[in-house]
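Asks:
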Amino acid sequence: MNDPSASCFRLDDRVALVTGATRGIGAAIARELAFAGARVVLTGRDDARAANAAAALSAEGVHAIGMGYDARLPGEAERLADRVQTELGRLDVLVNNAAVLRPHVIAKLKEEEFDELFQVNVKSALFLTKALRPLLEASAHGVVLNITAAGAQAPMAGIGAYCASKAALVNLTRTLAKEWTPLGIRVNALTPGSTATDMILPVDPEKRARFVAEMASQNPMNRIAEPVEIARAARFLVSDAASYVTGHVLVVDGGLLA
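Dropping the structure here:
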């Protein structure tokens, strides 16, 4: 028996752009959307990184394109938007995933680190979204998904500025949803809990094991997420299965914030 709702989760004939897609959660989201049928643009800090990630994904039989995008630099949003317009001529899905962490207690936080956190985690997402608005508005399925963090709702010692930047992104998400949903663009956020990525996991095996155990003990599932679990939630939010969902912050954290 065919499932009448199965097609709602497909992204055939759509173009999706995922920032920070060369590793971790971004790479998992790009892969999930590509296997759902989308033509996916993966961005990395330079053309080479992005091209390598796209080539690896394309080797699995899906359609992926790499484009350099350094969220730390001014003017990058407009440059990337122009390239998407020139090379693809359309965009249906934007996933703002690029982020930096910079763990420090507030007393030791440097001004340039604070500026970088808000430039990459907030400002770049906002201005890339603005630059791509004409393409998203022209789509019949325009959707923006911002990747935040559990710390946006439950700030953590040692990464306070990071948490503040993600909280700002949550509020921008809700504001954009109010302003852009009437234009036909849905805007949502996805809040992962601790996830097994290089961004948070120590390189040393012993330190990694202790860190994972500590993070896992903080939620009822007693484990941390795998990137694909976050990616599946992202696929739902950008698909027609979530066609009546906008201004929402979907928490995928194993019950951490329950």
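So the sequence shown is residues 29 to 286, counted in the numbering used here.
Glycine residues also receive a C-beta, built at the ideal position from the N, C-alpha and C atoms.
(1) Quick one: using the 10 Å Cβ neighbour count with 16 as the cut-off for buried, is Asp281 buried or exposed?
(2) State the start and end residues of the unbroken beta strand (DSSP E) segment that holds Met243.
(3) Start and end of the alpha helix (DSSP H) containing Ile57?
(4) Taking the straight line between their C-alpha atoms, what separation do you get for Gly117 and Leu163?
(5) Beta-carbon within less than 6 Å of Ser222's beta-carbon, same chain only, minus the 5 sequence neighbours each way: which residues are those?
(6) Could you check if Glu115 belongs to the surroundings of the ligand SAH, using beta carbon to heavy atom distance under 8 Å?
(7) Three or more beta-carbon pairs under 8 Å between the stretch 46-62 and the stretch 268-279, yes or no?
(8) Beta-carbon within less than 8 Å of Thr209's beta-carbon, same chain only, minus the 5 sequence neighbours each way: which residues are those?
(9) Excluding the 5 residues flanking Val171 on each side, which residues of the same chain have their C-beta closer than 6 Å to its C-beta?
(10) With a floor of 4 residues, list each alpha helix (DSSP H) that falls wholly inside the stretch 30-113, ordered by position along the chain.
(11) Using 8 Å as the Cβ pair cut-off and three pairs as the minimum, do the stretch 100-120 and the stretch 143-158 touch?
(12) Which class does Thr223 belong to by DSSP, given the choice of helix, strand or coil?
(13) Report all residues from its chain with a CB closer than 6 Å to the CB of Gly96; omit the five preceding and five following residues, and keep chain order.
(14) Which first and last residues belong to the alpha helix (DSSP H) in which Ile258 is found?
(15) I'd like to know if the stretch 200-209 and the stretch 255-269 are in contact, where contact means that at least 3 CB-CB pairs between them fall below 8 Å.
(16) Can you round the beta-carbon distance between Ser152 and Ala99 to whole angstroms, since I take them to be within the 8 Å contact cut?
(17) Helix, strand or coil, according to DSSP, for Ile213 in the structure here?
(18) Give me, in chain order, the residues of the same chain whose beta-carbon lies closer than 6 Å to that of Asn250; leave out the 5 immediate sequence neighbours on both sides.
(19) Are the CB atoms of Ala178 and Thr203 within a distance shorter than 9 Å?
(20) If we require 3 or more residues per run, which beta strand (DSSP E) segments fall completely within the stretch 103-181?
(21) Tell me whether Glu60 is buried or exposed, calling it buried when 16 or more other Cβ atoms sit within 10 Å of its Cβ.
(22) Assuming Ala196 and Val150 form a contact by the criterion Cβ under 8 Å, report the distance between their Cβ atoms to the nearest whole angstrom.
(23) Can you round the beta-carbon distance between Ala262 and Ile57 to whole angstroms, since I take them to be within the 8 Å contact cut?
(24) What separation, rounded to the nearest whole angstrom, lies between the Cα atoms of Asp40 and Asp110?
(25) What is the rounded straight-line gap between the Cα of Ser33 and the Cα of Glu254?
(26) From Arg67 to Gln147, what does the alpha carbon distance come to, in whole angstroms?
Replies: If we stick to the structure as given:
(1) buried
(2) Where Met243 is concerned, there is no enclosing beta strand (DSSP E), although the alpha helix (DSSP H) it sits in stretches over Pro233 to Ala244.
(3) Gly52 to Phe63
(4) 8 Å
(5) Met243 and Ile252
(6) The ligand content of the structure shown is nil, which means the ligand SAH is not present either.
(7) no
(8) Val215, Thr274 and Gly275
(9) Val121, Arg214 and Val266
(10) 52-63 and 75-86
(11) yes
(12) strand
(13) Asp74, Asp75 and Ala78
(14) Pro255 to Val266
(15) no
(16) 4 Å
(17) coil
(18) Ala244
(19) no
(20) 121-124 and 171-175
(21) buried
(22) 5 Å
(23) 5 Å
(24) 24 Å
(25) 26 Å
(26) 28 Å
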